[in-house]
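Beneath this line is the structure, given in C-alpha cells, with notes to follow.
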Amino acid sequence: MGELAVSRAIGDHCLRPFVIAEPEITSVLRRPEDTLLIMASDGLWDVFTNEEARTLALEKFNGELTRTSSSKMAVKKAASSLAKAALAKGSRDNVTVVVVDLRQPGGAGHHATAHASGATTPNPGAAAGSGAIATAAAPPAAAAAPAQPKQQPASPVTPEAVSDADD
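Residues in the sequence shown are numbered from 665 upward in steps of one, following this note's numbering.
Structural data, given as C-alpha cells:
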C-alpha cells in the first residue's frame, strides 16, 4: 500500500480494515539484576532477536561505562549502536530505540533515544506502530577511574556512519 502515514495509522477510515489497532503489551516483573530496558520500533526487531539486541546493548553500555564512568553516555552509546546496527543488518524501516539504565534507585536512571531511517519500502506484513520491549540483565560492569565524557556533535545515522571504529 505505502500510503498510510504512521501518525494516521489508527484514524484512517479507508485503510482501517488493513490496520491492526491493538498494541502489543507485555508486563514483566523487574528483577534486581536487570540492567537495561530496551524499547524499540519494529525497524530494530525486524532484524534483531531479543538476545542479539540485549547482547549488543550490554556490550556497548558496559564498554562506554568503563571508558567514561558516565551512565548518560553509556545509554546513549547503547541506543545509537543498536540503531546503526539495525541499518547495517538491512533494516528497511525507520528505527527508533530507547535505552534506559535500570540500575538507579527508584528507576530514575538515565535514558537515551536514537533514530535512524532505512529505505522506507512498505512491509505489508507489519502492523503500524508495532514495537516491543526487551530487558537486558547482567551484573554491572566495574567502572574505571572517573573520566570526563567527550562531547560529540549529533549527526544523522546513515549506513555509511556505521564503522568498525564503533565496535
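From the three backbone atoms N, C-alpha and C, an ideal C-beta is built for every residue, glycine too. Bear in mind that the values here come from a model prediction, so they are computed numbers and not experimental data.
Output yes or no for whether 9 angstroms exceeds the beta carbon distance between residue i and residue j.
| i | j | result |
| --- | --- | --- |
| N758 | H774 | no |
| L700 | A742 | yes |
| A738 | V761 | no |
| V763 | I689 | no |
| V711 | K753 | yes |
| G727 | A750 | no |
| A721 | S745 | yes |
If you run the structure through DSSP and keep just helix, strand and coil, what is residue i?
| i | result |
| --- | --- |
| Q761 | Note that residue 761 corresponds to Val in the displayed sequence, not to Gln. V761: strand per DSSP, three-state reduction. |
| T690 | coil |
| R756 | coil |
| P817 | Note that P817 has pLDDT 38, beneath the 50 cutoff, so the model's placement of it is unreliable and no number is given. |
| R695 | coil |
Based on the DSSP secondary-structure assignment, which residues constitute the bridge partners of residue i?
| i | result |
| --- | --- |
| A778 | V761 |
Quick one: give me the first and last residue of the alpha helix (DSSP H) that residue i is part of.
| i | result |
| --- | --- |
| S744 | S735 to A752 |
| T732 | N714 to T732 |
| L708 | D706 to W709 |
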